[in-house]
Each structure stands twice: as C-alpha cells, then as structure tokens.
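Notes follow once the structure below has been shown.
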Amino acid sequence: MADSTISATRDARTARQGKHHRRGGRGQKHSTNQGQRSNDEQHGVAGAIAGVPSERTMNIRQDRGNHRSRRGGDRRATARPNDRPPRSDENNKTTSRIRPSPYRNPLAKSQPAKLSPEQLQDILEGTLSDINRAGSSAFSIVGSWATETGLARIREIVEADFARSYSVTRLMFDPHCDVGTIFNVIYGPRGDRGVAFFRQVVGCLVHLRDTNTDVDHGDGIKYEEVLLHVTEAILSTILQIQEATFKSELKGIVDDLQSCSPLGEMERVLTNPNLCLARENMLKIQDIFGTGDRIAAYVPKADIDLSEQQQPQHEVDPPGDLSKFGPRHNNDHASISNINILPTLSEILHSQRLDFLPTRDSLYTPDGHHEKGVRRLLDTHFRLLREDTSGILRDAVRVILDHWETLVHGARWQEKKKILRTHSPTPVRIYYGAQIRRVKPDRVKGMEIDVEFDQVARIKNMTPWKRKHYWRESRALNEGGALLALIDAEVEKDTTVVFLQVSRRYIEPMMESNTEKEISDLVSDAKRAMIRLRLTSSPSRGDLDGILSLATNHSSSNRPLILVEFPALLYNLFEGILRCLQSLYADPRYLPLTSWIAPQERYCMETTTTFGYKAFPIHSPAYLENLTLDLSSVSVAGEIQDKDNIATPLTFSVGRDFKAMSEELFRQTTLDMGQAQAMILALKNHLALIQGPPGTGKSYVGIQIAKCLIANRIPLLGPILCVCYTNHALDQFLQGLLDSGISKIVRIGSRSASPALESLSLENYKKQKKIPRIPGQGRSINLLQKRLDDLAFRIGEICKQLENGISGIVSASLRRRFPKHDIQITEGVLIGDKRPLDTWSQGNGPGDLNGNGDKRQIEQLLSVDPWTLTNEERTRLLRHWHESAVNDLTFELDNLIRQHAEEKRWYTALFNKADAQIFNQVEVVGVTTTGLANNADLLRSLPAKVLICEEAGEVLESHILTSFLPSIQHAILIGDHLQLRPKISNQRLSIEYDQSGPKYNLDESLFERMVNLRPPDFHRSGGQATSAVDSVRFPLAQLDSQRRMHPSIASLVRQTLYPDLCDHPKTSSYDEVAGLKRRLFWLDHRNIEDPDDPEDPMRSKTNTWEADVVIALVQHLCKQERYSPGEIAILTPYIGQLRLLRNRLEGIVDLIIAEQDLVDLDDDSEADMHTSDSTSLTSHNRRTVEKARLSEQVRLATVDNFQVSSLHQPEGQLHKDSP
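Residue numbering for the sequence shown follows numbering that gives the first Met the number 0, starting at 0 and increasing by one per position.
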C-alpha cells in the first residue's frame, strides 16, 4: 500500500511539473541576482540565508547524479551597498527591501486560503526545483518565503497532518530553507509547532523502518539521504534557536530518530557516505543537547567569599557561571563565543584563581569538561591556544603592573632588565614618555592614534642619517606586526591598558604635520619620536574608553604613560585562528570529518588488518564512490617506459583489494612499496595519515596523489587545497607540483621567495587581470567608499572635539544638553570674553565668602544659578559635565566605529567575491594555515573536496581544524610525529612538561593524536591496553626506505626512533667527507660557557671556544673546494651562539641564514637596545658579505629553524634505482 501510494504521488508530481513547464513558470533559465545577501549578512532579515548546511552533503548529491543538484560551490551572494540591512526602526519595512527578481513566485499566484497536502507539496517542490536552477537569484526565491504570504504557507506546511503514506522521502529539507526567519516560524511559539512537525517526520521514518518499506523507486532519493536531511534540519533548528536546546520534547524526538536509524550499525555507516554524515550530525545534536542539560541543571552560588575559593589541585573548577565560585573575571565564560581574544583589564588584574584550561585527558573522559563531542574539541583548542598567546600577553602585562615603580621610576637599567628576564614570559620593549598627540580618522582603518615617546636611548646622540639607518634596519615598531600596549598604572585603582598595532611607520617627516616643531616621525628629532597606531581588529568599548581617557585627560596630568611592544606576539598569527575556532564552535555543522577527530564515547569496534595490525576501518571519500581512477599519471619506472606495453592498466577503485593495487603500483612506477601502499591508503581513506623519516619521499607521494586526482578530472572535485604551516614549506610543495607539470596553481598569502611561485600569487592574477570583472561591482565599490569616507568624516569631527581640551568639550556639550546653563554662564561674563567657561570655572562665588554648609549633590548644583556656586562646587560640576560630554562622545564614536567595521566588512566582501572567481580557473590552491584563517571569508567559498597538509606533525591541531573547510571530504595529512612537534610559547602546556600537575599537550598535533588514537577505555586506563580491542590503532602508512643519509649516519635514528628504517642501496656509495677521516664524530670538552653580561641579563648563551673550533673546521672544509653553495651547514641550539658565529664568520664566507633566524637575531640585538654599540645592529642584518666567494656559502641556523626549512628540501626524482 505504501509503495503504491509513493509511486502515485511521484507520478502525480511528474504530471504537475509538466503542467508547470507548459505554463513556462519553472522551465525557464533565470538570471542571477548578485546583490542579494545571506542571512549572516542580514542578521535574520527576511529573505536572507541563515545557515547553509555543509557543502559536503551538496557535493555527495551531485556526485551521485541527483536530479536536484545544487548550485555550484554553494557560495553565498555578496551584498551590493544599496542593499543594506534595515535599521532597528525599519523592521516593519523588511519585506519591501527584498530585491526584485525575474523568478515567478508561485506564492504570488492566486491561491485558495487553505491548500491540500498535495497542493502544498506542489508549491514546495516547485520552489526547490526553481532554486536549483536559479543560481545567485536563489536568495531572492528564498526571500519570498520570508514574506507574510510565504511564512503563512510555511506555517500551513508545518502544521499539516500528513498521512503515513505521504512520501517523506521527498526533499522537504533543503539547504536553501535554512533561513533564520523561516526557522522561527517553523519552531513556533514555545517550540510547539516545531515539535509537532518533527514528531510527524520522525514518525514517518519509524513507520518506514517498522514496515521495511523500500523507498527507493528510481527517483534517486534513498532512505539514508532523507535521514541525512532530517538530521540537518534538526541540527540547524537547535543552532538557530537557542531555546530549542532546552526543549525536552525535541530531545525525545531525537532519541526516537536515533532508535529508528541505522547509525549504530558502524559497518553499514562506514560504507555509506550519507549515513556517515548523518551520524556526524547526530553526534553534534547529542553534544548540544548534553550541554543544554548541564547548563539547565546548574544553579550558581552567590556571594562566595574569596577566602573560600581554594580547591584541591585535582578538582576541576569549570569556567564562568558553571563554577560554584562564579566567574573569575569579566572575560571568564562557559561559551568560548563570548570570550574576547585579547585579555581584558579585569582578566589581567584578577589572578587569584587560575583560568579554566581543559586537559588533554578530558577529550576522552566524561569528566573534566563541560562540553561534549566536537564542541569539546573546539573549546579545548581555543582555550589552550589562547593561553599560549593572549595568556602570555596577560602575564607579561601583569609583570609590568606588579613592578611598575621599578620599571617606570627606577634609574638602574640592570635592575629593570633583570625583572623582565626573570618574570616576563615573552620579550618586551618599553618606550617611555608616551603621549597621545592626536586621534584621527582613516577610511580603511577607522581610527588611528599618533603616539609620541622618548627616542631610544642608544640612538639619541646619533646623527640624523644614523638614526634613519637604525630605524630602517630595525624590526622594532614594524607595521602590522607585534602587539603593543599603552599602559598607565600610576594609580592602582585607575589603571588603563589598551592594546594596539602599528598602523604606519614614518622614517621621513610627514607632509601632513600641522606645525614645524611637531614630531611626526621616528627619525627627525634626537629626543622624541612618533609612531601611528591603530586599534586591533576587534576593539572593545573598554579599549575606546581607554584611548579617549588617555587622549583627553592624560596630557594635563603628570602621570607617566609607557608604550610597550611585545615583539614575539604577532597578533595576525593567532587572532584569525581563534576567530575561526569561535565560528566553528557557534555552528559546528561546518566542521567535516568529525567522526574521528572529535572525541567520542565509543568508536567502531570493527577492525581491519591492512598493515598487519588491528586498525579502525575508515570509510572512503564520498566523491570516489563508484569511481575508477586511472593511475597512469604516476611516474613510470625506468624499465617500463612504454606505457602501451603495460599488461594491466593501473587503476584504483574503493572496492578493489588494497594489497593487489599496491603491488601493481610498485611494479610499474617509480614508487617503492611503502610509497605505493601510502598512495593507495591515501586514496582509500577519507582521513589518511602518511608518515616517514627524513628522505623517504613523503612530499613525492603527496605530489603523485595530487597529479592523479587532477589528471582524472573528477566531476565537481574543485581545486585541491594544499596547506602548510610555513611559507617555506608551502613554496617547496607548490614548486614540486609545478615541476611535475601542474601549472594551474594560485598561491594565497604573503610574498614568495620564488619568482616562479610569485607569478602564481593571487595578487599577480589580479594585476594581470586574469580574474573576470563582475558587472556592477565598480558602482558598488564606489558607493561603499563614499559611505566609508562619510563615516571617517564623522569620526574625524568627534576627534576634533576631543582635541579642544576640557573647556572646548564641555562648552560644546552644554550647548547641546544644558542650553540653560550655557546661556547663564555666557551672560555672566564681560562682552568679548572668548572663554566664558574658563572665567566661570576659575572664579569665586558667594559661597566662598559666606561659608559653605553641607556638601551639595550634583543634582542640587544643576538646579541653581551656576554663578552662585563655590569654586569647589564649580570644579565638581565642571568635572561632571566633562565626564558626561566624554561619555556622549565615546558612545557616538563607538557606534560610528562599529558602523565603519560593518561597512568595511561589506567592502572586503565585494573584493572577495571577485577574487573567488579564480577558484574556477585553477586546480590547486596553496596557503599557509595562518593565511587560511586570516582569509577565511574568501576561502570558505572554495569548493575544495581534497585537503593535502604537508609536515602535519609540525602543525598545531587548532590550525588543522580551521583548515577543514565545509566542503572537504578527503584529508591527507603527511608528516612525521617523531620529528619536530609544533612550536608553542608556554612550556607548561607542552606534552613534554614533566612537572607535577595537569597535562595539556597543546603541542601534540592532530597527526600525532590520530597515530596514538585508541578506544576510550584505553585512555581511561592510563594508556595501558586492557583487552585486544584496546590495541586497535588508526591506519597509518609508514615509509621506510630512506635516500638521504649514509647508512652510518642513518643508524643514529634507526637505533632510536625508526627501527624498521631501510637504506636505499645507493646511499652506501655516497662520497666521503672531503678532508675528514670519519663521517661522524663527537667532541666532548670541558670549556664552559661565556659568563653572563651583567649589562644584558636577557642575552642568550654563548661559548667562544666552541665557536673558534667551528670556524676553524669551516675554513678547513672550504679549502677543499669540493662543496657547492649551501652544502655546509652549522647548527646551534642558542640564538646567542648563532649571533657570535655570524659575527666571526661573515668576513670569511657567505652566510645563508633562514628568515626566522634573522628575526630572532634582530630581536636578540634589540634586547640590548640601551647598552650595545649602535653600529653592530644594522651592519649584521646583511645576509652576505661581498668579499666572500659564492662557492663558499655556508648555511647557519638554529636547530629548530634549520629542521623546519631543511625538511622541505625537494627530494628529487625518487626512482627505485637511484637515491
């Protein structure tokens, strides 16, 4: 019965669609509307898209040939400036702001007041069909459903009592119906409508399960796909409507959905992409409902004495209101969405209780964390990464505040440096005598602050030319680099801390300087210097209050103000990552691959034995289902050059035997067996790990995988996203792709050192006008520029008022807010007096002569004639007026700056929309993890299904998480967790921190965590296997044939880290070292380190004797004349020793020094800013010495930076018969 009903419904729908086509309403090709905004952009306004479900789902449907294919890339339309969000007083005009569209709206047709279910289905499915064909104008189509008529129909659809036989498998849940306004209507008052609706839908699914109804009748829609849509709809509902989290009836519906679904049948889930995605959605739903339960059950305690807030070390003190002691400060919240990236003043000042930091064990145990699943993962990494960055900043500012008297008023530099070296967790530079000269507007940055300060002591006596040379070579106060802070802590209860960045750095005097004597640059004056600063990307109201307070009040006081630079804390390197983590936390739908990366209470207990050990079964990438790949693009082995003579064509398919495919690939290509297995595993698993020691060809395998996927021209694959942690690693991998014949590459981010790759940068594509123009974009940009100019002008007007001093500010405020008092004060002075307020404030009233009774309140002073007040009362009233005026100006300025930030966001979005067109022209997109986070608005529209991450063992997990774009279906992580771990600043958070206390393991990469992944019981038992199941591992492809080292050197790592490492036969024939008897030797000596410099307690360690030995050895090797430039390397663990070696070697040989080491050297030199010889700093920043011969170049590096760069050196052609 159900089958026949479904078929009849389908036939009726087909007939109706044909009728609509004959009317011409749904068969037409619609033009696009490029100006319509998404819901995130419209803040819930009618017609805006609220949340687009994961593009992974869309891509799966396209790959399977579903006739309801989505628009390409699932990109959001960018707004035109004339399509602005309505103001709060325009909400009643919302529907009139929807842009016209050529779309023929079925809702606008004459329809009966009450429609039958069949008619409702006709309208709904017809709209979905139009959306699929409408392209960008789909936003207008969805907008029509948010009108009064459309919302009425939605209420009718949701409240309709559908029969069991109604085809629940029709696509009632579509991504384009994820609209904030529409979801509110679906949910209804108190959620009753939504609960009833979802109860019917889930009831239909339960009925289909109980009756074993086959719902696939050739229309391409399967039960599993409907299940996926239902989970998406419920997940979107509880994310859009927060109160739904606490709806117990909805949670019961979710439990019923779980029971009627096959999501617990892991063997079936792993072989069905729709079920896998539905399971991920279900886990996220359960995580969110679990969080709601815990918050609802929590009742905070009030009025807890601080003396009672001591807990045992083993006890977890949750964050924010979840703590029984209440929040620690105003930036302590249970939800990371509410946490400011940079520390607040309250956070800096309150250190009695340590901030909540989740331990790594809390990922696998139910205790120790208030979140579950994917949100627990995101919360953990946000808090730990923030502690390693903003936490360092917080602690450094605390040190300055705690030692204010010595650091600001003390005379001994040695004592100041000792304090900073002993207590500060990061290097600092302090500039004294700071003063805000001017607050000015800027079209792009909103507001800039000119700060004057005392010239650096070491260059005060230099000539102007030498000062210019110093500042030009120095990395201090560089634009857009390190964080700075203006600090006034002279009065403990009136402390001000404002974080800033350098906006512009002037070496020459500015032409816009108002007076000849005004300091306008860093060089021209021997005693004072000026730098132009700006607020950070997301300033708080407190930052603005602090700047205006310092600008208006500080100049008239004698309180010292200092400008502090934190050269090691580069804001742009962590702010974008933390913002992305907050966004993913707020809407975890957009994080793919969560089945394995997010902590779960249980994992699949099924196992495979691909590599001879028990491993978790990982399902294949969804886009490779039912596809066969041609592997002929892989480099053919030397003995099989004629591809036509290959007996068996090289192919890959998910269902083929792993061993057979690996052996074929090994026999017919340049890959060795380990590399062949790694490539097959990477193609077979949607999350793949490839590990190998140095010289085993990891990068080569990655390049072959990319070549294979590109050569097969897989439909809707999109560009391959290549992500690396450093620019150097990215350049090396992209260069390998370029050398292999892949030329359609775009590199996003900072400049490349390679001319070939620089030509592939996004900026170069734009310069060469290879990106098509968008019609009408020029007008939109011009309009937004005018709006930005207007806002900058209004900001400038307020800034000018603030420059008028107390008298000018109060006079302007009186004319606006207290006109009666303004008239009284003006009439009380002689005609011609230009400053009546000054005359009034400095005068004496009758109260001073007749005595004064009780102290009157401000309200009483405002009610009497101001000329009758005493001098003390006039002072108090003037202060009150001034504070009120500044508050008004601050409030107005804050609103303008927020408006400016919003307009700037749309301005940037227009350019992002144009830039995103390049993604349709390229096959590979390369970017660093930081560059991806900082360009998230652009790259989130990238329709990439494949991610390849090089040196994944050196990348923080938080960086990898933000690289998982919503469209990613296949992630290939290439690295070696046995080499370098990610670099962090706070060693207390390191996995190697061996002191007692909690373990945070921040520097454990996702690669290493996956390698060490075990079932939850394994972690609860302290890492001891309690059963055969606990020994199950994540699949790992290990390369074991190295071509880089002579066997005698390779034995060092073979005996310690890689017991299975094999040496390629050719490594035994490597030449001996010219001039030396042995390839490897150890030198043990008793010559101690150089004594510390009492003038420079922050200087790194040095050993002159060792430096002399190294220099003599280098000279000996260079005399052999056997080595090409860069083939001799000197490594040292200390930056101080690096500096000593550089100073002594640069007159003997050319030096090749890594960029990061140059930065560290410069910071080391700047640390001695007040005592070192001025000429040494600038002369040593040259990389080479002209008199040295090119053939005698020597690489000089610290151990860490050398490894980071050398690990990415090209391996060359890794033939099986050559090294």
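All C-beta atoms, glycine included, are put in the ideal place defined by N, C-alpha and C.
A quick note: this is a predicted structure, and the numbers were derived from the prediction, not measured.
Of Leu1139, Tyr1133, Lys1118 and Ile1134, the smallest CA-CA separation from Gln1192 is found for Lys1118. Approximately 5 Å separates the beta-carbon atoms of Ala277 and Thr230; this is inside 8 Å, confirming the contact.
Between Ala677 and Ala1036 a beta carbon distance of about 4 Å is seen, short of the 8 Å cut, so the two are scored as contacting.
Judged by DSSP in its simplified three-state form, Ala528 adopts strand.
When the Cα atoms are used, Leu670 and Gln1041 turn out to be separated by approximately 13 Å. As the crow flies, the alpha-carbon of Pro538 is around 11 Å from that of Met446. Inter-segment contact for the region 382-401 and the region 484-498 is present: three or more beta-carbon pairs are separated by less than 8 Å. Sequence-distant partners of Glu242 (beyond 5 residues in either direction) whose C-beta falls short of 8 Å from its own C-beta, in its chain, are Gly190. A direct Cα-Cα distance of roughly 9 Å separates Tyr431 from Glu451. The count of Cβ pairs closer than 8 Å, one atom from the region 966-974 and one from the region 687-697, reaches three, so the stretches are in contact. Our two residues, Gly480 and Tyr570, have alpha carbons roughly 7 Å apart in a direct line. Around the beta carbon of Gly1146, a 10 Å sphere encloses fewer than 16 other beta carbons of the protein chains shown; the residue is thus reported as exposed. Per the coordinates, the alpha-carbon of Ile780 lies some 22 Å from the alpha-carbon of Asn933.
Annotation for Glu447: no alpha helix (DSSP H) segment contains it, though the beta strand (DSSP E) segment containing it runs Gly445 to Asp453. For Leu708, same chain residues with a beta-carbon under 7 Å away, outside a window of 5 residues either side, are Leu716, Ile719 and Val945 in chain order. DSSP places Glu491 in no beta strand (DSSP E); its state is neither H nor E. Between Pro1046 and Ala621, the C-beta spacing is not below 8 Å. When rounded, the separation of the alpha-carbon atoms in Leu783 and Ala913 is 15 Å. In the three-state scheme derived from DSSP, where H, G and I count as helix and E and B as strand, Tyr430 is classed as strand.
At a Cβ-Cβ threshold of 8 Å, Asp286 and Gly372 count as neighbours. Under the three-state reduction of DSSP output, Val396 falls in the helix class.
Between the alpha carbons of Leu377 and Arg1085 lies a distance of about 49 Å. When beta bridges are read from the DSSP output, Ser1040 appears opposite Cys1061. Residue pairing by DSSP places His969 opposite Val945 in a beta bridge.
Between the region 723-739 and the region 873-887, the count of C-beta pairs closer than 8 Å stays below three; the two stretches do not touch. A Cβ-Cβ separation of about 21 Å leaves Arg504 out of contact with Ile486 under the 8 Å criterion.
The distance from the Cβ of Gln703 to that of Leu1038 is about 13 Å, inconsistent with a contact at the 8 Å cut-off. Boundaries of the beta strand (DSSP E) around Glu564: Ile561 to Leu569. For Thr236, the uninterrupted alpha helix (DSSP H) run begins and ends at Tyr222 to Gln239, by DSSP. Judged by their CB atoms, Pro865 and Trp839 are nearer to each other than the 8 Å cut-off. One thing to note: Ile747 has its Cβ no nearer than 8 Å to the Cβ of Gln916.
Counted as a single uninterrupted DSSP element, the stretch harbouring Ala484 is not any alpha helix (DSSP H) but the beta strand (DSSP E) occupying residues Ala481 to Asp487. Look at the region 745-776 and you find these whole runs of alpha helix (DSSP H), each 4 residues long or longer: 754-757 and 761-766. Taking the Cα of Gly390 as reference, the smallest distance to any Cα among Thr421, Ile1152, His422 and Asp354 is reached at Asp354. Secondary structure note for Ser539: it is in no alpha helix (DSSP H), with a DSSP letter that is neither H nor E. Leu938 and Glu404 have their C-alpha atoms some 48 Å from each other.
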